[in-house]
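Notes to accompany the following structure.
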Amino acid sequence: MNIFKTLAQKPWIPDESNVVELRTASYSAANQKVALVCFLAIVGVLFFLFFAAYHMRLDPVELAGQASDWVPVPEPPLLWFNTVVLGLASLAFELARRASKRRDTGTAKLAFFAAGAVTLVFLVLQLVVWNQMLGLGYYAYANPASAFFYLITGVHGVHLLGGLVAWARAARRFPAADDNPAPLARSIDLCALYWHFLLLIWLGILALFVNT
1181 MNIFKTLAQK PWIPDESNVV ELRTASYSAA NQKVALVCFL AIVGVLFFLF
1231 FAAYHMRLDP VELAGQASDW VPVPEPPLLW FNTVVLGLAS LAFELARRAS
1281 KRRDTGTAKL AFFAAGAVTL VFLVLQLVVW NQMLGLGYYA YANPASAFFY
1331 LITGVHGVHL LGGLVAWARA ARRFPAADDN PAPLARSIDL CALYWHFLLL
1381 IWLGILALFV NT
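In structure tokens, the structure reads:
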């Protein structure tokens, strides 16, 4: 019997009695928030590479005696207005986040839906900016500066569209918020963090184009 007992042992499986569970009371974070922070770090690196490539291509080097093909793009006044619009969306998400922590579902709902609507306005206005640029003759294929403008602002807009998908999923939690407010508060908190980050990225994009 001892032989069969020895053969039945699984030494590669750790003994649960010897496992020590490590926890800290000073810091706790939901898995979703940790995943979002990791994702935002990757997005930040992506835009950093865009900015670095922009500055490297910006160098007006003459090739074979020809002038540089880099033609700086103008900054339509609507870009500044769009910055205010995106800032309002971020502010609305912050108001929704604070209201959800106070369990003020009514205020949180109003601010949350306002943030989504303002974000849609921002995206529509960005298309208007693109149309203005095309009307001035700044096509992506004709000028590397224009190509960078469409690329960087386009990728930023795609991330906002992805955020609106998460926004729509979070909006479905409002009917059940009275009975269980925790999931809604967590979703709003994640949306607020995401929009604050994209606002910072947008400010970096605006500074990049204005200074060059």
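Position one of the sequence shown corresponds to residue 1181 (my numbering), numbered consecutively onward. Positions of the beta carbon are idealized from the N, C-alpha and C atoms, including for glycine.
Spell out a yes or no on whether the stretch 1267–1287 and the stretch 1309–1325 are touching, meaning 3 or more CB-CB pairs, one atom from each, closer than 8 Å.
-> no
In chain order, what residues of the same chain have a beta carbon less than 8 Å from the beta carbon of LEU1258, not counting five sequence neighbours either side?
-> LEU1305, VAL1308, VAL1309, GLN1312
Complete alpha helix (DSSP H) runs within the stretch 1273–1336 (minimum length 4 residues, chain order) | 1285–1315
Compute the Euclidean distance between the alpha carbons of PHE1329 and ASN1211, then round it to the nearest angstrom.
-> 35 Å
Cβ shell of ARG1237 (< 6 Å), same chain only, five flanking positions each side left out = PRO1324
Please determine, among LEU1300, VAL1251, VAL1253, the residue with the shortest C-alpha to C-alpha distance to SER1270.
-> LEU1300
Rounded C-beta distance between ASP1369 and ARG1277? I'm assuming under 8 Å.
-> 5 Å
Give a yes or no on whether the C-beta atoms belonging to ALA1346 and CYS1371 are separated by under 8 Å.
-> yes
Going by Cα to Cα distance, which pick from ALA1232, PHE1302, ALA1365 is closest to LEU1378?
-> PHE1302
What are the start and end residues of the alpha helix (DSSP H) that includes PRO1355?
-> From DSSP, PRO1355 is part of no alpha helix (DSSP H); its letter is neither H nor E.
Quick one, which of PHE1231, GLY1296, VAL1253 has its alpha-carbon nearest ALA1350's?
-> GLY1296
Simplified DSSP assignment, three categories, for TRP1347 = helix
Whole-number beta carbon distance between LEU1386 and THR1263, since they are thought to touch under 8 Å = 6 Å
Could you say which of GLY1384, LEU1373, VAL1390 lies nearest to LYS1213 if we only look at CA atoms?
-> LEU1373
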